[in-house]
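Per the working numbering, residue 13 is the first one in the sequence shown, and the count goes up by one each step.
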Amino acid sequence: MILVIDTSTRNAGAALAQEGRVVSSRSWRSAVNHTSELMPAVSYILDGAGLKVHDLEGIVVALGPGGFSALRVGMSVAKGLAIATGKPLAGIGTLDAEAQPYLQSGLPVCALLDAGRSEVASGRFGADGQRLREDRICPPEELTAELAGPLLICGEGAPPHAETLRERLGSDAVLAGHSPASRLWALAQLGQMRLDSGEADDVATLQPYYLRMPTIGGPKRRDRVRQG
Numbered sequence: 013m014i015l016v017i018d019t020s021t022r023n024a025g026a027a028l029a030q031e032g033r034v035v036s037s038r039s040w041r042s043a044v045n046h047t048s049e050l051m052p053a054v055s056y057i058l059d060g061a062g063l064k065v066h067d068l069e070g071i072v073v074a075l076g077p078g079g080f081s082a083l084r085v086g087m088s089v090a091k092g093l094a095i096a097t098g099k100p101l102a103g104i105g106t107l108d109a110e111a112q113p114y115l116q117s118g119l120p121v122c123a124l125l126d127a128g129r130s131e132v133a134s135g136r137f138g139a140d141g142q143r144l145r146e147d148r149i150c151p152p153e154e155l156t157a158e159l160a161g162p163l164l165i166c167g168e169g170a171p172p173h174a175e176t177l178r179e180r181l182g183s184d185a186v187l188a189g190h191s192p193a194s195r196l197w198a199l200a201q202l203g204q205m206r207l208d209s210g211e212a213d214d215v216a217t218l219q220p221y222y223l224r225m226p227t228i229g230g231p232k233r234r235d236r237v238r239q240g
């Protein structure tokens with residue numbers, strides 16, 4: 013069994029998965045940073061399966077992009093458990109997880125997360141499932157200017173901007189529905205693949221993927237925070 017942790021956005025969750033399939037999960041929505049929800053959720057699903065943390069085979073954590081404080085909660089718990097148990101830890105980008113269920117659709121995919129300030133974080137993938145560019149943050153109007161032809165738009169950030177996306181992209185764009193549970197399933201699949209291939213991350217150097225640093229304590233940035 014592996015433990016999956018996702019605190020990327022206000023919609024968060026924890027799950028137990030076996031061979032890339034979720035067997036137990038707990039999801040919630042928080043207006044703050046998930047501190048009070050995460051450990052009780054982990055304990056709940058472990059107890060329900062009759063497991064202790066040392067019984068886990070590995071730990072998977074969503075890296076973001078997402079809220080600064082929220083991501084730190086998930087990362088801190090995942091690292092703490094990995095250190096305490098000696099189990100391997102794998103980090104997965106949240107936009108990769110949002111896109112994962114649709115990469116075999118035959119269409120290019122654009123995965124979205126709400127980034128606040130009327131902006132979205134986006135990840136773009138070709139019809140072959142390969143990334144087309146690095147993730148970035150911009151207003152949805154700016155994003156649509158780079159999109160052309162048939163494509164599938166997915167992710168938690170798509171529904172809030174559906175009207176703008178439809179107005180600007182028309183019938184070429186297929187907007188997929190979103191369920192927080194589907195992101196946990198995708199994280200489980202991608203995390204299991206990384207762990208099975210021996211691609212665990214260094215617990216000491218793994219960091220959340222913010223895309224944009226918090227406004228308090230430093231200047232605004234929109235580049236990737238280095239993970240090593």
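Cβ coordinates follow ideal geometry from the N, Cα and C atoms, glycine included.
Bear in mind that the values here come from a model prediction, so they are computed numbers and not experimental data.
- Taking a 10 Å sphere around the C-beta of GLU146, we find fewer than 16 other C-beta atoms and assign the residue as exposed.
- Taking 3 residues as the minimum length, the beta strand (DSSP E) runs contained wholly in the region 78-142 are 101-104, 121-128 and 131-137, in order along the chain.
- Annotated as distal: VAL186 and LEU101, with beta-carbon spacing of 8 Å or more.
- In the DSSP assignment, GLN201 falls within the alpha helix (DSSP H) that extends over 192-208.
- Along the region 164-192, the alpha helix (DSSP H) occurs as fully enclosed runs of 4 or more residues at 174-181, listed in sequence order.
- According to the DSSP assignment, ALA157 belongs to the alpha helix (DSSP H) that extends over 152-157.
- Fewer than three beta-carbon pairs drawn from the region 198-211 and the region 175-190 are found closer than 8 Å, and the two stretches are therefore not classed as touching.
- A distance below 6 Å between beta-carbons, with the five flanking residues on each side excluded, links ALA123 to the following residues of its chain, in chain order: LEU107, GLU110, ALA111, GLY135, CYS166 and GLY167.
- When C-alpha distances from ASP184 are compared across GLY161, MET205 and ALA198, the shortest belongs to GLY161.
- Put simply, the region 86-99 touches the region 41-54. At least three CB pairs are less than 8 Å apart.
- Contact annotation: ALA198 and PRO113 have beta-carbon atoms nearer than 8 Å.
- Judged by DSSP secondary structure, VAL72 falls within the beta strand (DSSP E) whose first and last residues are 70-74.
- By the Cβ test, the region 136-156 is not in contact with the region 81-88, since fewer than three Cβ pairs between them sit closer than 8 Å.
- DSSP places VAL35 in the uninterrupted beta strand (DSSP E) bounded by 33-41.
- Distances from the alpha-carbon of GLY86 to those of LEU223, VAL16 and LEU163 put VAL16 closest.
- As DSSP reads the structure, VAL16 sits in a beta bridge with ALA27 and VAL72.
- For PRO151, the CB contacts under 7 Å within the same chain, skipping 5 residues up- and downstream, are SER130 and GLU131 in chain order.
- Shown here, ASP213 sits in a strand according to DSSP, grouped into three states.
- Between ALA193 and the set VAL65, TRP40 and HIS46, the nearest pair of CA atoms involves TRP40.
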